[in-house]
Structure formats: C-alpha cells, structure tokens
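Colleague: This is the structure I have questions about; it appears just below.
In full-length UniProt numbering, the protein residues as written are 1 to 298.
Next comes the structure, spelled out in structure tokens:
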C-alpha cells in the first residue's frame, strides 16, 4: 500500500489518506460505507436467500416425499384434486408406490372410505414406522389390505361362506378373522385376530396385487385425531411419508371409516365399529346368511 502524507496548515493535525494499489482492496471510510450501504443490504439479502434455498433443497432431497395425483379413471369415488405434481399415468403412480413400499417405506393412499397409511404387512420395520408416524400405542391393531378374496384365505382362517365375503367385499367393510400362521408375527402380536379389507377402489386393489403381499393399513392421521378425506387434512404427516397418492376428496359421508365386524366365531357376528356401512352389513349377515349377533353373554 502506498501512503501519501499531506502536511497540514499550522494549527491543524496531519491527515493520512490511504490510496490503494491495483491489487489491494481499499479501506472504507464511514462516509463511503453509508453511501453504499443500500447495495450492501441487497447483497446480504441475496446471500441469505441463496443459503435458504440451498437448505430447503437439501431438506427436500432428504425427505424425498413424492406427491402423485391419480386421474379420475384410476379411482372409484370421485374426481381428482389439485396437488404439486401431475402424474396422470396410473401405471407410473402404481410403480412409484410399489417401489416405495418394497423399500420399506410408508405411503399415504386413498381408499373407498378415508385416506390411509400403508406399508408392507410382512415388513416389521415398516410396521414400526407406521406406529411412530401416527404416535399410536402398540396395543392398537393394524388391518391388512389385499387385492382379491382368494388372498384372504392365505392370511386368515375363514369360518364363513365365501359367498358371504363376496357380499361384503370389495366394499367399505373390515372383516375380523382368525389370523393364519403365515402372517407376520410382529403385526398385532397381542391378538390372534386380524382385520382384513378389500376396498372398492381400483387403484388400491391393483396396488395390493402388484405388491404380491398384504398391506398393513390404518387411517392417515395422528392417533385419536379425526380421520381424513382429503390429502391436505394430513399434510403435517407428509414429510414422514415416501409417497402421498392424491385420489381427490372422498366426501364427508365416508369419514366414519369402514364398518368393522368380527366373524371369528362360527355362526356369530360382532360389530366392533358401526362405520359407514352398518345397516347394509347387518342386513347381509342376519337376513341373508342367518348369523346372530354375539352379545358376549355365555
């Protein structure tokens, strides 16, 4: 740095002015700083914005939650809603969802009643993730979901006529049956029973068929909170899910969830949850197949 010394007039102090060379940054005076302060503030905001963008992208990359929108042709219960990513190809959505499930992840899916969280029922680590995401106690069971009636006989011990099952499924009903030995022992280890569903929903049935094994299925909400009939109602859970399949709004009439009926006792039925198909289910069980309600009396 080259220093220029100017001799002051008598009675005044000498002053030093720093004249920068071509290769050295100048020392800023306070006047210069305030003169260029607006530009410094702009640069500071740009820098902070760049950092925030970088951090946001890093979080998205870490979470890797896919938002997939079903076309109306892929669902049985209403038009699709808007979401972040348009994927009208149902096969592509199925492939992405199956890939996530087989990778041990948890996904959100539409059904014929409410939105659900699903994972592979035979994957113990994935089951634990479902309980963690919902904040659910381990003593509350998960149902299984299969694609066809014949699959029920593989994972459950059935004591009712196949025609009876065909009257109720596919549909908004969960049948509680005795579980078969082939079913994952870490799924509801506290009970010999398991609830099984075949939703009246083309996407869900095809998803189960492509997985080649049952899905563990539960409502897409925090435990004890209201069930959800649109994806935005459980958006707080999105960051913890690998895939969110948006099948559009389902409708409040389905918010009660499926009717849950225990058919594990021969010739008896017991309603565990009335749900949205209570009357029609009881009508089939009693009037068409002659089952009597199990009141618990000996």
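Ideal Cβ placement from N, Cα and C applies to all residues, glycine included.
1) Pick from 125, 115 and 175: whose alpha carbon is nearest that of residue 198?
2) Keeping to the same chain, check which residues put their C-beta closer than 8 angstroms to that of residue 254; ignore five residues upstream and five downstream.
3) In three-state DSSP terms, what is residue 205?
4) Mind checking whether residue 119 and residue 193 have CB atoms under 8 angstroms apart?
5) Which residue from 157, 183 and 65 puts its Cα closest to that of residue 263?
6) By DSSP, does residue 281 sit in helix, in strand, or in coil?
7) What are the start and end residues of the alpha helix (DSSP H) that includes residue 166?
8) Have a look at residue 290 and residue 68 and give me their C-alpha separation to the nearest angstrom.
9) Among the residues of its own chain, which have a CB less than 8 angstroms from the CB of residue 149, if the five just before and after it don't count?
10) The beta strand (DSSP E) with residue 241 in it runs from where to where?
11) Just the C-alpha distance for residue 95 and residue 278, rounded to the nearest angstrom, thanks.
12) Based on the DSSP secondary-structure assignment, which residues constitute the bridge partners of residue 145?
13) Which of the three DSSP states is assigned to residue 233 in this structure?
14) Using only CA atoms, which one of 177, 210 and 201 lies nearest to residue 268?
15) Check this for me: beta carbons of residue 245 and residue 107, under 8 angstroms apart or not?
Modeller: Reading off the structure:
1) Of the candidates 125, 115 and 175, the one whose C-alpha sits nearest the C-alpha of residue 198 is 175.
2) Closer than 8 angstroms at Cβ, skipping near neighbours: 77, 112, 113, 114, 172, 229 and 276.
3) Note: residue 205 maps to helix in three-state DSSP.
4) For the 8 angstroms CB-CB criterion, residue 119 and residue 193 do not form a contact.
5) For the set 157, 183 and 65, the Cα lying nearest the Cα of residue 263 is the one of 157.
6) The answer is helix: DSSP assigns residue 281 an H, G or I state.
7) 162-168 is the extent of the alpha helix (DSSP H) around residue 166.
8) Their Cα atoms are separated by approximately 44 angstroms.
9) Here the set comprises 162, 165, 166, 169 and 198.
10) It is not in any beta strand (DSSP E) - residue 241 carries neither H nor E in the DSSP assignment.
11) Put simply, the backbone Cα of residue 95 is about 35 angstroms away from that of residue 278.
12) Looking at the DSSP output, residue 145 bridges to 197 and 215.
13) Helix at residue 233.
14) The candidate whose alpha carbon is nearest that of residue 268 is 177.
15) It is a contact, given that the beta carbons lie within the stated cut-off.
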